[in-house]
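Residue numbers (UniProt numbering): 1 to 342.
Comments concern the structure below.
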């Protein structure tokens, strides 16, 4: 387990939250998911299986590490190596565990004095891992990251020969036997959304706009791009109400990793990192066109004059609380509402 050593005063801070399994989504972002009941132990200090690790810090028998080929020497700088070693360990005869009572403190820098790999070098690494280890599942990555299709991975001959020499299992086995709970949170084939497109307010005829903001950004209403005379990069008015019953900026296959979030019956509606656990990010789009927030028992409202969006006591007769999605899948929406009312 990786804990934090504060870079200012060297105070030691234990990793926050419950123990969770390492996972990934199909854009190859590292994720953590709850330990399923089948794997939970009576003693919380007991080691538990984890499909992938965060990377950087781990313990392994040195001899076996080199028998596995170590890290792929074709990976550049860093990025993707945690997936490569995790897949290799599981698929080639090993097991991987998180050990709650084994702790390593890590000093995170206040600033990074070197260029962090992004763009092509990171994408190349991820594609190299996918092409070597993920078999037909690599296609799910390319569907979400089409720009990866045309990247060169370099020569993969030695890596594929190593996999063959070690008699490693296929990735379908990994997803079935080891990472069987990942699709519950990150399905390879994204289920259809309940609604998507612009979100137009009935009273003001203005649209919700996230302005390409990140965590903490307060949502506002603004002139709908489709009604304006010009389109500018500063507007972001397409949203997806997806199968997790959260709302994210972007079109269905290309949503960003931020979700509509509210904390109380009179709070603003902000963007916050998506966690997929409902809670403050759980929404219901009702027949009266209101966006209901079960946790606060309130609805999304707006002040058109100030262009502000906020939570308020639900009033289905108030047109400032009525919102129209550009596209709606009534079959999916009805399933959401039936489930939430049961």
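Positions of the beta carbon are idealized from the N, C-alpha and C atoms, including for glycine.
query	result
Does DSSP put residue 343 in a helix, in a strand, or in coil?	An answer regarding residue 343 cannot be provided, because it is not within the stretch 1 to 342 covered by the chain.
So, using beta-carbon positions, are residue 324 and residue 269 closer together than 7 Å?	no
Enumerate in chain order the residues of its own chain whose CB-to-CB distance from residue 330 is below 8 Å, with the five nearest sequence positions on each side excluded.	none
Go ahead and pull the three-state DSSP assignment for residue 1.	coil
Please report the distance separating the alpha-carbon of residue 97 from that of residue 40.	13 Å
Can you grab the Cα-Cα spacing for the pair residue 211 / residue 235, in whole Å?	5 Å
Go ahead and pull the three-state DSSP assignment for residue 342.	Note that residue 342 scores a pLDDT of 44, beneath 50, so its modelled location is shaky; the value from the coordinates is reported in the next line. Correct three-state label for residue 342: coil.
Along the alpha helix (DSSP H) that carries residue 139, what are the first and last residues, could you check?	138–144
For residue 124, does the three-state DSSP call read helix, strand or coil?	helix
Examine the Cβ distances between the stretch 176–196 and the stretch 236–245 and report whether three or more of them are shorter than 8 Å.	yes
Check each candidate in 49, 27, 72 and name the one with the smallest Cα separation from residue 37.	49
Are residue 141 and residue 26 closer than 7 Å when you measure CB to CB?	yes
Could you work out which residue in 75, 204, 103, 110 is closest to residue 16 when comparing CA atoms only?	103
My understanding is that residue 156 touches residue 132, with C-beta atoms under 8 Å, so please give their C-beta distance in whole angstroms.	6 Å
Look at the alpha carbon of residue 315 and the alpha carbon of residue 214, and state the distance between them as a whole number of angstroms.	30 Å
Could you tell me the distance, in whole angstroms, from the CA atom of residue 226 to the CA atom of residue 297?	32 Å
For residue 144 and residue 254, I'd like the C-alpha separation in whole angstroms.	7 Å
At which residue ranges does the stretch 30–83 contain complete beta strand (DSSP E) runs of 3 or more residues, listed in the order of the chain?	30–34
Would you mind sorting residue 146 into buried or exposed? The rule is 16 or more other CB atoms within 10 Å of its CB.	exposed
Which whole-angstrom value is the C-beta distance of residue 283 and residue 291, which I expect to be below 8 Å?	6 Å
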